[in-house]
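Line by line, the protein sequences are chains A and B.
If you want this note's numbering, it's the 1-based position in the first sequence plus 21.
If you want this note's numbering, it's the 1-based position in the second sequence plus 646.
We put the CB at the ideal spot given by N, CA and C, even for glycine.
Nothing here was measured: the structure is a model prediction, and the numbers come from that model.
Here's the structure, in structure tokens; my notes come after.
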Amino acid sequence: MPHSTSAPRLGDLERVVMEHLWDASGTGGDSFEGATVREVHERFDGEREIAYTTVMTVLDRLAKKDLVTRVRDGRAWRYFPADTREALTAQTMRRTLDDMDVADRRTALLHFLDGATTDELADLKDALAEIEARAEGEPATSGRRRTIRRR
Amino acid sequence: MGGGWWRRACHHGPVIPFLLAGLAVLLAWVAPGLMARRKAFRRAPRAALVAWQAVSVGGILAALAAGPAAIPLLLDGDAPTRHLRLVVPAVLVSAVVLGRLLHAGHHVGTRLRRVRADHRQLVDIVARHEERVRILQHPTPTAYCIPGRQSRVVLSQGVLDALPGEQLEAVIAHENAHLRGRHDLLLEFFAVVTQAVPAPLRSSEALDEVRLLVEALADRAAVRRTGEVATARALLTLAGSRAPDAALGVGATAPVRLRLLADGPPGPVLPLIAYSYAALAATLPLVLLGLAWA
């Protein structure tokens, strides 16, 4: 299956191409007029061997994912990042916290923690104090104590 | 011993399909409520998870076996059509349960895979790539993993800023335990079973408890790596830095998890009870089916 070998590589390239576009729009500021496939391709010079058509494919994929926008310029497309990197990061964070349906999110991603209310925080502090007291009571022996008890 | 009794029962009355249907109801509706209230078993999360799976699988097996268990009644030489009024509903029940499970499995599976793939692609593009983790440049502390074939552990810059090294190590060990243990498959199984139940009868008791248990299990892994104090401190720091999930009907898991850490591991009795219970729940439907065909 060619998909399984090419997908990770394309994913990696998507990131590099986005970084190139963010760089270019950052240095260009408001006067940034987008980058053509050729301009993005030229940015790879000296970094790695990438075919022109590969860059085209990657930009096309990014456009389909709404990560870049493009406008016609004569016979070529000019590509823009749809959002700044900061905005896209914030959007990614929001998705994990609010946007997805709650059941989906909690099954799709495994979060370390789901937050706590103020009342719960008080309980949490009590429990932590207990654990700390136990650890301090027997410095560096908490592991040993358990092995003794198990015997 | 009871061989003759069983044979007579099967000939004179359709006992086993009824028993299986009753067992299915018992395991699917009654047992989860009782188990969710036995909070002591949370101290043995691994054994408790096995018990939950066994009860779910047992309930499904019982429902699926009701139809096949009724078939021998048709093979009754004297009056094959006498039992049709029982056989047809029993087979229908089994078929409907199978259909709903397959449908829910497909639905939940595709949706989860799509959500994870979309999110992973986004993270891969915006996040900083480190050796073991992806870092999102964002001040809100958060840590999670994206399970699947191409799994990722994702941390925000906020979490790096909030947690000292050892606590960060605990968080990463916790997430890696989820990925290594394929806890996502457990959650997916229970999400499918939950969804397969028609909405008015649906209860999320099992799924909620399993969610808590996989967290408790991953906490154990973090404790093994960094100790109880670092793990507990990480839990407290992160619990305080984030608003509770308002959309969630159930309480936060943090207080329960920290309490479990404070209580420490259980003796040998709790796991033993949980494993015996699991063995019984999973094998009883098969034993009954075997008897029906004996």
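*Residue(s) in a DSSP beta bridge with B/I919*: For this step, residue 919 of chain B is matched to residue 273 along the second sequence. DSSP links B/I919 through a beta bridge to no other residue.
*Measure from the C-beta of B/T872 to each C-beta in chain A and report whether the shortest distance is under 7 Å.*
Walking along the second sequence from the start, residue 872 of chain B turns up at place 226. For B/T872, the answer is no, since every Cβ of chain A falls outside 7 Å of its Cβ.
*Would you say B/H824 and A/L131 are within 7 Å of each other, going by their C-beta atoms?*
One-based indexing of the second sequence puts residue 824 of chain B at position 178. One-based indexing of the first sequence puts residue 131 of chain A at position 110. It is a contact, given that the beta carbons lie within the stated cut-off.
*asked:* Quick check: the Cα distance between A/A156 and B/V875, rounded to an integer number of angstroms?
replied: Here residue 156 of chain A is taken as the residue at index 135 of the first sequence, counted from 1. Here residue 875 of chain B is taken as the residue at index 229 of the second sequence, counted from 1. If you draw a straight line from the Cα of A/A156 to the Cα of B/V875, it is about 7 Å long.
*If you count every other CB in all the chains shown that lies within 10 Å of the CB of A/Q112, and 16 or more means buried, which is it?*
In the first sequence, residue 112 of chain A corresponds to position 91, counting from 1. Looking at its Cβ environment, which holds fewer than 16 other Cβ atoms inside 10 Å, A/Q112 is exposed.
*Per DSSP, which residues does B/R857 bridge with? Please list them.*
Taking the first residue of the second sequence as position 1, residue 857 of chain B is located at position 211. Its beta-bridge partners do not exist; DSSP assigns none.
*With a Cβ-Cβ cutoff of 7 Å, do B/A900 and B/A885 count as a contact?*
Numbered from 1 along the second sequence, position 254 holds the residue referred to as residue 900 of chain B. Numbered from 1 along the second sequence, position 239 holds the residue referred to as residue 885 of chain B. Closer than 7 Å, so yes.
*Would you kindly report the start and end of the unbroken alpha helix (DSSP H) that includes B/V676?*
Mapped onto the second sequence, residue 676 of chain B falls at position 30. Looking at the DSSP string, B/V676 is not in any alpha helix (DSSP H), and its letter there is neither H nor E.
*Are there 16 or more other CB atoms within 10 angstroms of the CB of B/Y790, so buried, or fewer, so exposed?*
Taking the first residue of the second sequence as 1, we reach residue 790 of chain B at position 144. Around the Cβ of B/Y790, a 10 Å sphere holds 16 or more other Cβ atoms; the residue is buried.
_CB of B/A715 within 7 Å of CB of B/L666, strictly_ = Counted from its first residue, the second sequence places residue 715 of chain B at position 69. Counted from its first residue, the second sequence places residue 666 of chain B at position 20. Remark: C-beta atoms of B/A715 and B/L666 approach each other more closely than 7 Å.
*With DSSP run on the structure shown, which of helix, strand or coil describes A/L131?*
The sequence position of residue 131 of chain A within the first sequence is 110, counting from 1. Correct three-state label for A/L131: strand.
*Using the Cα positions of B/M647 and B/S849, report the straight-line distance between them to the nearest angstrom.*
The residue labelled residue 647 of chain B in the question sits at position 1 within the second sequence. The residue labelled residue 849 of chain B in the question sits at position 203 within the second sequence. With a pLDDT of only 48 at B/M647, under 50, the local geometry of the prediction cannot be trusted, and the value read off the model is given with reservation. Distance from the CA atom of B/M647 to the CA atom of B/S849, rounded to whole angstroms, is 40 Å.
*DSSP puts B/Y790 in a beta bridge; with which residues?*
Along the second sequence, read from residue 1 onward, the residue named residue 790 of chain B stands at position 144. According to the DSSP secondary-structure assignment, B/Y790 is paired through a beta bridge with A/H132, B/V800.
*Would you report the Cα separation of A/V58 and A/R99, rounded to the nearest angstrom?*
What you label residue 58 of chain A is simply residue 37 of the first sequence in a count that begins at 1. What you label residue 99 of chain A is simply residue 78 of the first sequence in a count that begins at 1. Going by the C-alpha atoms only, they are around 8 Å apart.
*Rounded C-alpha distance that separates A/E68 from A/D140*: As a first step, residue 68 of chain A must be located in the first sequence, where it is residue number 47. As a first step, residue 140 of chain A must be located in the first sequence, where it is residue number 119. Computed Cα separation, rounded: 55 Å.
*asked:* With H, G and I counted as helix, E and B as strand and the rest as coil, what does DSSP make of A/A9?
replied: One cannot answer for residue 9 of chain A here, as it falls past the ends of chain A, which runs 22 to 172.
*Residue from B/L833, B/L863, B/D865, B/A864 whose Cα sits closest to the Cα of B/E851*: In the second sequence, the residue the question calls residue 851 of chain B occupies position 205. That would be B/L833, whose Cα lies nearest to the Cα of B/E851.
*asked:* Using a Cβ-Cβ distance cut-off of 7 Å, determine whether A/G55 contacts chain B.
replied: The residue given as residue 55 of chain A occupies position 34 in the first sequence. False, the Cβ-Cβ gap to chain B never drops below 7 Å.
*Taking buried to mean at least 16 other C-beta atoms within 10 Å of its own C-beta, is B/R762 buried or exposed?*
As a first step, residue 762 of chain B is located in the second sequence; it is residue number 116 there, counting from the start. Around the beta carbon of B/R762, 16 or more other beta carbons sit within 10 angstroms, so the residue counts as buried.
_So, at 8 Å on beta carbons, what are the nonlocal neighbours of B/A686 in its own chain, with the 5 sequence-adjacent residues on each side left out?_
In the second sequence, counting from the first residue as 1, residue 686 of chain B sits at position 40. Here B/A686 has P912, L916 as same chain residues with Cβ atoms under 8 Å from its own Cβ, once five neighbours each way along the sequence are excluded.
_Contact list for B/E834 against chain A, beta-carbon separation under 7 Å_ = Within the second sequence, numbered from 1, the residue matching residue 834 of chain B stands at position 188. Those are T128, listed as they occur along chain A.
*Evaluate B/Y923 with the Cβ neighbour count: other Cβ atoms within 10 Å of its Cβ, from every protein chain shown; 16 or more gives buried, anything less gives exposed.*
For the purposes of this step, residue 923 of chain B is identified with residue 277 of the second sequence, where counting begins at 1. Under the 10 Å beta carbon count, B/Y923 is surrounded by 16 or more other beta carbons and is classified as buried.
*asked:* Output needed for B/A920: all residues of its chain with C-beta closer than 8 Å, excluding positions within five of it in sequence on either side, in chain order.
replied: On the second sequence, residue 920 of chain B is found 274 positions in, with the first residue counted as 1. Correct list, in chain order: F687, A690, A693, A694, V696, A697.
*Residues of the segment 93-115 of chain A with a CB closer than 9 Å to any CB of chain B: list them in chain order, please.*
Only R106, E107, L109, T110, A111, Q112, T113, M114 from the segment 93-115 of chain A bring a Cβ to less than 9 Å from some Cβ of chain B.
*May I ask you to list, following chain order, the residues of the segment 752-782 of chain B that have a beta carbon less than 7 Å from some beta carbon of chain A?*
Listed by position, the residues of the segment 752-782 of chain B near chain A (Cβ gap below 7 Å) are R757, L758, V761, R762, H765, Q767, L768, V769, D770, I771, V772, L782.
*asked:* One question on the structure: do B/R903 and B/A862 come within less than 7 Å of each other, judged by their Cβ atoms?
replied: For this step, residue 903 of chain B is matched to residue 257 along the second sequence. For this step, residue 862 of chain B is matched to residue 216 along the second sequence. Less than 7 Å separates the beta-carbon of B/R903 from that of B/A862.
_Using DSSP's beta-bridge definition, name the partner residues of A/P102._
Walking along the first sequence from the start, residue 102 of chain A turns up at place 81. Looking at the DSSP output, A/P102 bridges to A/V89.
*Using a threshold of 7 Å, state whether the C-beta atoms of B/A938 and B/P718 are closer than that.*
For the purposes of this step, residue 938 of chain B is identified with residue 292 of the second sequence, where counting begins at 1. For the purposes of this step, residue 718 of chain B is identified with residue 72 of the second sequence, where counting begins at 1. Yes. Within cutoff.
*Is the beta carbon of B/S740 less than 7 Å from the beta carbon of B/A700?*
In the second sequence, counting from the first residue as 1, residue 740 of chain B sits at position 94. In the second sequence, counting from the first residue as 1, residue 700 of chain B sits at position 54. No, the Cβ-Cβ distance between B/S740 and B/A700 is not below 7 Å.
*Considering only the beta carbon of each residue, do B/H784 and B/S802 sit closer than 7 Å?*
Locating residue 784 of chain B in the second sequence gives position 138, where the first residue counts as 1. Locating residue 802 of chain B in the second sequence gives position 156, where the first residue counts as 1. Yes; because the gap between Cβ atoms is below 7 Å, this pair is in contact.
*Quick one: which chain B residues come within Cβ less than 7 Å of A/M39?*
Within the first sequence, the letter at position 18 stands for residue 39 of chain A. The contacting residues are I771.
*Report yes if the CB atom of B/A773 is closer than 7 Å to the CB atom of B/R766, and no otherwise.*
Translated into the one-based positions of the second sequence, residue 773 of chain B becomes position 127. Translated into the one-based positions of the second sequence, residue 766 of chain B becomes position 120. No, Cβ-Cβ distance for B/A773 and B/R766 is not below 7 Å.
*Inter-residue Cα distance where the pair is A/D144 and B/D830*: What you label residue 144 of chain A is simply residue 123 of the first sequence in a count that begins at 1. What you label residue 830 of chain B is simply residue 184 of the second sequence in a count that begins at 1. For A/D144 and B/D830, the gap between their C-alpha atoms comes out near 29 Å.
*For B/L944, does the three-state DSSP call read helix, strand or coil?*
Because chain B is modelled from 647 through 940, residue 944 of chain B falls outside the range shown and cannot be assessed.
_C-alpha distance - B/V799 paired with B/L748, whole-angstrom precision_ = Stepping through the second sequence from its first residue, residue 799 of chain B is reached at position 153. Stepping through the second sequence from its first residue, residue 748 of chain B is reached at position 102. Going by the C-alpha atoms only, they are around 30 Å apart.
*What do you reckon, are the CB atoms on A/I71 and B/A908 nearer than 7 Å?*
Counting from one through the first sequence, the residue named residue 71 of chain A turns up at place 50. Counting from one through the second sequence, the residue named residue 908 of chain B turns up at place 262. No, the Cβ-Cβ distance between A/I71 and B/A908 is not below 7 Å.
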